[in-house]
């Protein structure tokens, strides 16, 4: 996780006062995790292995093994929402609600073990789930895989998305969080517009205008479904030719199913290919999804959400750029993202023309 130095309120004529926020200490997390596992298991628990699985910009993921006299050895995963993450403060609830609601459904998810929004012993929002054996395919390495294997996985991927969208949303915890007629997709566009309005060294007029256009032209959904929010190649585990778990449910909400479909087909997540996983043509994806979900895909809505996907990608990139240039995150990967902005903005412009 990149460490950050955030500014306090600057006083004109003085140097910025840089305040270093709390940093997640792996050794402290391991010690606290042993205490937490001992409490919830009712037996003294030892953490026999422990290590970070990722160095991303958001949630921190740890793999560990817990050994207790009552339960033996268990391989588990811990995800922590750090105080200095790119999108802090974090809520563990969307992920917890998703894992609870989808257990035993046609959507494979890891079994939830424990969670705490207030941090419990660990000190930060977290959840613990079962470890799932398998590999997480990297989108940019797709060309190295056998095309027939990728086709099998891509079809499973779409069938699982259809299964997710067939779930009755009113039977999930997300239904109680829906704010009447207030639509999650409109709230999200408003939030990204506010994020892009924050001061940076760069200003893109097209993003300013495009955000207003998206807000004014957001289509009504054909139905309200559970939306994953980040359903893409790279967010699942496969094992022996099967997708055994869908990951990263932190953006889950009730909304328009076209949002997931458009996000999944972005070339960014498909090794820059217009084909899903580099093998499934757009028409084949839509046909398979419609047949499996029973939801008719609207060309107009899909075009809108393809534009929205690029707008969201641009907003996320600008969050990273701002973190480096303004908030002083010392991670050069964030600086590199600034060079990617022109191509994203050009793609967004083309997508807006297609959606208009």
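In UniProt numbering, the protein residues as written are 1 to 356. Beta carbons are placed, not taken as given, at the ideal position from N, Cα and C, and that holds for glycine.
- Judged by DSSP in its simplified three-state form, residue 319 adopts helix.
- In the three-state scheme derived from DSSP, where H, G and I count as helix and E and B as strand, residue 75 is classed as strand.
- Of the residues assessed, residue 199 falls on the exposed side of the cut-off, its CB having fewer than 16 other CB atoms within 10 angstroms.
- Under the DSSP assignment, residue 130 falls in the beta strand (DSSP E) whose first and last residues are 126 to 130.
- Of the candidates 90, 131, 111, the residue whose Cα lies closest to the Cα of residue 98 is 111.
- CA-to-CA, the gap between residue 221 and residue 184 works out to about 11 Å.
- Contact between the segment 217 to 236 and the segment 72 to 82 is not established, with fewer than three Cβ pairs separated by less than 8 Å.
- Between residue 64 and residue 49, the CB-CB gap stays under 8 Å.
- Taking C-beta atoms under 8 Å as the contact rule, residue 249 and residue 352 fail to qualify, at a distance of about 29 Å.
- Counting along the chain, the unbroken beta strand (DSSP E) around residue 51 starts and ends at 45 to 52.
- Close CB contacts of residue 93 within its chain, under the 7 Å cut and outside five residues either way in sequence, are with 117 (chain order).
- Look at residue 344 here: in three-state DSSP terms it is helix.
- A buried status is given to residue 306, since no fewer than 16 other beta-carbon atoms sit within 10 Å of its beta-carbon.
- Counting C-beta pairs closer than 8 Å gives three or more between the segment 286 to 303 and the segment 159 to 169, which meets the contact rule.
- In the DSSP assignment, residue 39 falls within the unbroken alpha helix (DSSP H) covering 26 to 41.
- Within the same chain, 161, 227, 228, 231 come within 7 Å of residue 260 by CB-CB distance, once the 5 residues on both sides are set aside.
- DSSP places residue 281 in the coil class of the three-state scheme, outside both helix and strand.
- Closest option to residue 106, judged by alpha-carbon separation, among 339, 276, 245: 245.
- Within the DSSP secondary-structure output, residue 236 pairs in a beta bridge with 246.
- The three-state secondary structure of residue 326, taken from DSSP, is coil.
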